[in-house]
Every structure is written in C-alpha cells, then in structure tokens.
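J.: Sharing a structure, written as structure tokens. Questions coming.
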Amino acid sequence: MTRFSIAFEEAVPFAPDDTSIERSLRDPPAAAPQPVGPLAITYRIDPAKPALWMRLLVGSQPFRINSWRGYVLLGSAVLNMGLIGALGFLVYLDWSRPRPVSTADLAQLALVVALSIGLWTLSRPVRELPSRRVTLAGVSYLAISQLHGQLRAMHDSDRKVGGRVFSVVRHWGVCPVCSADVDLDEGGSAYPDRLVGRCHDSPTEHVFSFDPVTLSGSLLR
Ligand SMILES: [Zn+2]
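Residue numbers (my numbering): 2 to 222.
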C-alpha cells in the first residue's frame, strides 16, 4: 500500500526587496527582438494623366528627351526663367527713374515678386529633372483627377543607349507594415535632397527610401 502525506510549511512573508526594485528600474527589460533586416518595399510604375497644357504641348505618351517634344518641355522651363528676367528688368527700368514712390508702385512690385516666385515654383519639376531624374509633378503638371504623379527621365528598362525617355508616371507601392498605399513625397528636413515613399496611413513613421533605378526601398525609421 502506498501512503501519501501532506505537510504545510510556513510561507516566507512577502517583503519587497528595495534593491531589486531599484535594479529593475535602473535596468529596463531587454528590448523586444527586432526584425532581421529592414522592411523592404517594391515600387510599381503606373502611367499618370498629365495636365491639359502638357497634353496639348507634348502629348501624354512617353517620349525621348532628345526629341522636339523634349526640347519644347525643357524650353518651357527656360521660358519661365526668361519671363522672370523680363519682369525684373521692367521693374528695374520703372524704378530707376527718380520720382516719388506711390502705394501703386509698391503693389506693382509685390505683384511682380509673387509672379516670379510662382513661375520659379512652376518650372521646378522640369528644372530639377536633369539632376534628379525623378521629380514630383505637383498639381500644375497633373490632371485634376490625378492626385499623385512624378516626372521621370530614365533609360528604357535594360537599354542604356538611345537617350533618356520622359514620362509622367505614378510610382507607388504597398506598405509592408500596414498594407496601405505608399506614394512618393519630398524627404523634408529629415531626408533632405531625396524623394521618399510615405505610407498613406502613417506618413511620418512608415517612410521608405526610393531608388528610381531598381524601384526598391527600405524602411528609413
Ligand atoms: Zn504603413
């Protein structure tokens, strides 16, 4: 026969150890394991609808930069620069004559400055295209129905000969964190001089790099 016996032992009273509490406050628990490697994103390219003035001027299909359409497009940016110069020259001629300054003169000067800033901003996507290859198109280059789009001047897929091809497209991807759409935006002060992919649902946290050649990127923060 097997006998079982149960014994009760005096429990040690609970006495919080101050030193262990201090230690736990001083040494935070180990960080949760981080995912191996950065989260990656693959961008896709969809055709985007250009603004009416662009469709009338150069059409909506991709074309080579070294073509009459390319020269017209680059010429539009040069024309803007010329208009800014002409406006400045006219103001200089007007103000160089000695005469009392009226409030109408000041209003005219403010108008010219505003127009110059507008023209400078308008030409920015085309002006920066040779150095950046992909620039944000903005509302002045896109049809009203098109919310996101970029100007792209890259080589045809694998072919590196024959010059660059200009197109109005939308680079976009799916956020690997939350599955929302990711669209390109300026990097701002956090990522100056570069375009980044921003998630629609978390534009400040789900931020991805953007490589216009490989069409890939990784989580930046
Ligand atoms: Zn996201």
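Backbone N, C-alpha and C fix where the C-beta goes; we use that ideal spot for every residue, glycine too.
When you compare each of 189, 196 and 191 to residue 183 by their alpha carbons, which one comes out closest?
T.: Sequence index remark: in the sequence shown, residue 183 carries index 182 (1-based). Ranking the options by Cα distance to residue 183, first place goes to 196.
J.: Helix, strand or coil: how does DSSP classify residue 218 here?
T.: Along the sequence shown, one-based indexing puts residue 218 at 217. Strand at residue 218.
J.: Quick one: what's got a C-beta closer than 7 Å to residue 59's C-beta in the same chain, skipping five residues either side?
T.: By one-based count along the sequence shown, residue 59 stands at place 58. Here the set comprises 70, 73 and 74.
J.: For residue 181, which residues of its own chain have a beta-carbon under 7 Å away from its beta-carbon, when the five flanking residues on both sides are left out?
T.: Here residue 181 is taken as the residue at index 180 of the sequence shown, counted from 1. Once the five neighbours on either side are set aside, the close Cβ partners of residue 181 are 200, 201 and 202.
J.: Short check: CB of residue 66 to CB of residue 138, under 7 Å?
T.: Residue mapping note: residue 66 aligns to position 65 of the sequence shown, counting from 1. Residue mapping note: residue 138 aligns to position 137 of the sequence shown, counting from 1. No; because the gap between Cβ atoms is not below 7 Å, this pair is not in contact.
J.: Does DSSP classify residue 131 as helix, strand or coil?
T.: Here residue 131 corresponds to residue number 130 of the sequence shown, with the count starting at 1. Helix.
J.: Can you find the residues in the same chain that come closer than 7 Å, C-beta to C-beta, to residue 187, ignoring five residues on each side of it along the sequence?
T.: Counting from one through the sequence shown, the residue named residue 187 turns up at place 186. Here the set comprises 137 and 196.
J.: Nearest to residue 208 by CA position, among 193, 176, 130 and 105, is which residue?
T.: Numbered from its first residue, the sequence shown carries residue 208 at position 207. Comparing Cα positions, the closest option is 176.
J.: Suppose the cutoff is 6 Å on Cβ atoms and the five residues either side in sequence are ignored; what does the same chain contact list for residue 83 look like?
T.: Here the question's residue 83 lines up with position 82 in the sequence shown. Cβ neighbours of residue 83 beyond the five flanking positions: none.
J.: Write down the C-beta distance between residue 50 and residue 141 rounded to the nearest angstrom, noting that I regard them as a contact closer than 8 Å.
T.: Within the sequence shown, numbered from 1, the residue matching residue 50 stands at position 49. Within the sequence shown, numbered from 1, the residue matching residue 141 stands at position 140. Actually they are not in contact, since the Cβ atoms of residue 50 and residue 141 sit about 14 Å apart, beyond 8 Å.
J.: Could you give the residue range of the beta strand (DSSP E) that holds residue 168?
T.: By one-based count along the sequence shown, residue 168 stands at place 167. Segment 166 to 175, the beta strand (DSSP E) holding residue 168.
J.: Taking the alpha-carbon positions, what's the residue 130 to residue 169 distance?
T.: The residue labelled residue 130 in the question sits at position 129 within the sequence shown. The residue labelled residue 169 in the question sits at position 168 within the sequence shown. If I take the Cα positions, the gap works out to 12 Å.
J.: Whole angstroms are fine: how far does the CA of residue 78 sit from the CA of residue 106?
T.: In the sequence shown, the residue the question calls residue 106 occupies position 105. In the sequence shown, the residue the question calls residue 78 occupies position 77. Answer to the nearest angstrom: the Cα atoms are 28 Å apart.
J.: Cβ of residue 106 versus every heavy atom of ligand 1: is any distance shorter than 6 Å?
T.: Residue numbering aside, residue 106 sits at position 105 when the sequence shown is read from its first letter. Not so, every heavy atom of ligand 1 lies at least 6 Å from the Cβ.
J.: Quick one: give me the first and last residue of the beta strand (DSSP E) that residue 45 is part of.
T.: As a working mapping, residue 45 is identified with position 44 in the sequence shown. Taken as a continuous stretch (DSSP letters only), the beta strand (DSSP E) holding residue 45 covers 45 to 48.
J.: Answer yes or no: the CB of residue 217 versus the heavy atoms of ligand 1, is any distance below 6 Å?
T.: Here residue 217 refers to the residue found at position 216 when the sequence shown is read from its first residue. No, the beta carbon of residue 217 sits no closer than 6 Å to any heavy atom of ligand 1.
J.: Taking the alpha-carbon positions, what's the residue 117 to residue 108 distance?
T.: Your numbering for residue 117 matches position 116 in the sequence shown. Your numbering for residue 108 matches position 107 in the sequence shown. Rounded to whole angstroms, residue 117 to residue 108 spans 14 Å at the Cα level.
J.: Hey, how far is the Cα of residue 149 from the Cα of residue 171?
T.: Along the sequence shown, one-based indexing puts residue 149 at 148. Along the sequence shown, one-based indexing puts residue 171 at 170. Cα-Cα distance, rounded: 6 Å.
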